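Let me begin by presenting the structure, written as structure tokens, before commenting on it.
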Amino acid sequence: MTNASASQADAAPIIRMEGVNKWYGQFQVLTGIDLAVRAGERIVVCGPSGSGKSTLIRCINRLETVQQGRIEVDGIELTAGGRNVDRVRAEVGMVFQQFNLFPHLSILQNCMLAPMRSRGMGKAEAEEIAMKYLRRVRIPEQAHKYPSQLSGGQQQRVAIARALCMTPKIMLFDEPTSALDPEMVKEVLDTMIGLAEDGMTMLCVTHEMGFARSVADSVIFMADGKIVEQAPPAQFFAHPQHEKTRTFLGQILSSSQHG
Ligand SMILES: Nc1ncnc2c1ncn2[C@@H]1O[C@H](COP(=O)(O)OP(=O)(O)OP(=O)(O)O)[C@@H](O)[C@H]1O
Ligand SMILES: [Mg+2]
Numbered sequence: 133m134t135n136a137s138a139s140q141a142d143a144a145p146i147i148r149m150e151g152v153n154k155w156y157g158q159f160q161v162l163t164g165i166d167l168a169v170r171a172g173e174r175i176v177v178c179g180p181s182g183s184g185k186s187t188l189i190r191c192i193n194r195l196e197t198v199q200q201g202r203i204e205v206d207g208i209e210l211t212a213g214g215r216n217v218d219r220v221r222a223e224v225g226m227v228f229q230q231f232n233l234f235p236h237l238s239i240l241q242n243c244m245l246a247p248m249r250s251r252g253m254g255k256a257e258a259e260e261i262a263m264k265y266l267r268r269v270r271i272p273e274q275a276h277k278y279p280s281q282l283s284g285g286q287q288q289r290v291a292i293a294r295a296l297c298m299t300p301k302i303m304l305f306d307e308p309t310s311a312l313d314p315e316m317v318k319e320v321l322d323t324m325i326g327l328a329e330d331g332m333t334m335l336c337v338t339h340e341m342g343f344a345r346s347v348a349d350s351v352i353f354m355a356d357g358k359i360v361e362q363a364p365p366a367q368f369f370a371h372p373q374h375e376k377t378r379t380f381l382g383q384i385l386s387s388s389q390h391g
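In this note's numbering, the protein residues as written are 133 to 391.
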């Protein structure tokens with residue numbers, strides 16, 4: 133235990149953000165973001181709508197650029213731009229609220245596309261890997277269907293499998309269950325729990341507080357473009373330090389009881 137925590141503390145973070153500021157025109161969307169994520173850590177990001185959660189995680193694979201500060205992913209400095217962006221993107225998988233599958237491609241083809249296009253992988257190998265991850269998310273039997281023939285929960289599991297086919301070191305999730313009907317949320321969360329158990333480094337924007345409690349190593353609360361607090365879930369839920377966090381938790385915990 134002591135050894136494990138000592139070596140974890142020693143390990144260089146796989147994601148490091150330092151003094152990150154970002155503006156959209158005049159509007160400052162991220163302010164003074166400092167964040168360090170170690171390999172294998174699971175972080176849940178929550179906060180009110182418009183607080184900058186999506187922007188924050190989209191900076192990590194440079195779907196968004198920042199004007200100030202440093203972002204380093206697995207020792208690669210992203211803010212330097214250039215070829216580093218491709219190197220980082222090869223290590224970071226992302227799953228969105230909308231599944232973003234190609235409607236005209238089968239499930240199998242959706243999963244084979246990136247490894248063939250950006251890794252130059254042959255068809256047979258890409259198919260083998262696609263099937264491996266479709267089994268992993270427990271829908272290999274859907275491989276030859278098209279996205280519109282699957283339920284939302286199944287489509288989101290395909291989106292997860294598709295990201296895994298690039299064998300990322302880090303997975304980013306942006307509200308992966310919020311577009312799903314309630315009965316499909318669990319199958320997607322279970323898939324994410326499986327990934328966490330296998331040691332994947334994960335940053336998840338989600339308001340699934342049950343998931344945060346049982347899976348996250350730490351929970352980040354954002355408001356107005358800032359990280360207001362970050363704490364292990366037990367402490368975060370039992371003793372939120374800031375008034376804004378308490379207000380937010382009050383709102384979402386009561387809406388999940390009534391909803
Ligand atoms: N491309 C853009 N141009 C200008 N403003 C933007 C852009 N994208 C986001 N914003 C603004 O930046 C702020 C943060 O947006 P962001 O999408 O990161 O919030 P969020 O915390 O993910 O919210 P939600 O919970 O609704 O998804 C919002 O005020 C939003 O209107
Ligand atoms: Mg968002």
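Ideal Cβ placement from N, Cα and C applies to all residues, glycine included. On a predicted model such as this, the values are computed, not experimentally measured, just so you know.
Could you tell me whether the Cβ atoms of residue i and residue j are closer together than 7 Å?
i	j	result
G201	G151	yes
L240	A262	yes
N216	I208	yes
G172	G285	no
L321	F343	yes
K376	T163	no
A222	M244	no
I292	V317	no
P300	G225	yes
D176	A348	Note that residue 176 corresponds to Val in the displayed sequence, not to Asp. Cβ atoms of V176 and A348: closer than 7 Å.
P308	Q288	yes
A256	M298	no
K154	V198	yes
R170	A143	yes
R345	P365	yes
I352	Q367	no
I189	L335	yes
C191	H339	no
Q229	S310	yes
T333	I302	yes
Can you have a look at residue i and say buried or exposed, based on whether 16 or more other CB atoms are within 10 angstroms of its CB?
i	result
N232	exposed
H276	exposed
Q158	exposed
S181	exposed
Y90	No answer is possible for residue 90: it lies beyond the span of the chain, which begins at 133 and ends at 391.
G186	Per the sequence presented here, residue 186 reads as Ser, with Gly not at that position. It counts as buried.
P279	buried
G214	exposed
Q281	exposed
T323	buried
R378	exposed
E260	exposed
R148	buried
Identify whether residue i lies in helix, strand or coil by the three-state DSSP scheme.
i	result
L234	It should be pointed out that residue 234 corresponds to Phe in this sequence rather than to Leu. In the structure shown, F234 sits in coil (DSSP, three-state: anything other than H, G, I, E or B).
G252	coil
K154	strand
E204	strand
I359	strand
E340	coil
T134	Note that T134 has pLDDT 39, beneath the 50 cutoff, so the model's placement of it is unreliable and no number is given.
V317	helix
Q160	strand
V198	coil
A348	coil
G326	helix
L312	coil
G214	coil
Q367	helix
G382	helix
C297	coil
N242	helix
Looking at the strands, I want to know which residues DSSP matches up with residue i.
i	result
C178	F353
E173	Looking at the DSSP assignment, E173 forms no beta bridge with any residue, so it has no partner.
T333	I302
A168	R148
G225	M303
Q281	Bridge partners of Q281: none, in fact.
E273	E273 is not bridged to any residue.
E209	E204
Heavy atoms of ligand 1 versus C-beta positions, residues under 5 Å: A distance filter of 5 Å between CB atoms and the heavy atoms of ligand 1 selects the following residues in sequence order: Y156, V161, S181, G182, S183, G184, K185, S186 and T187.
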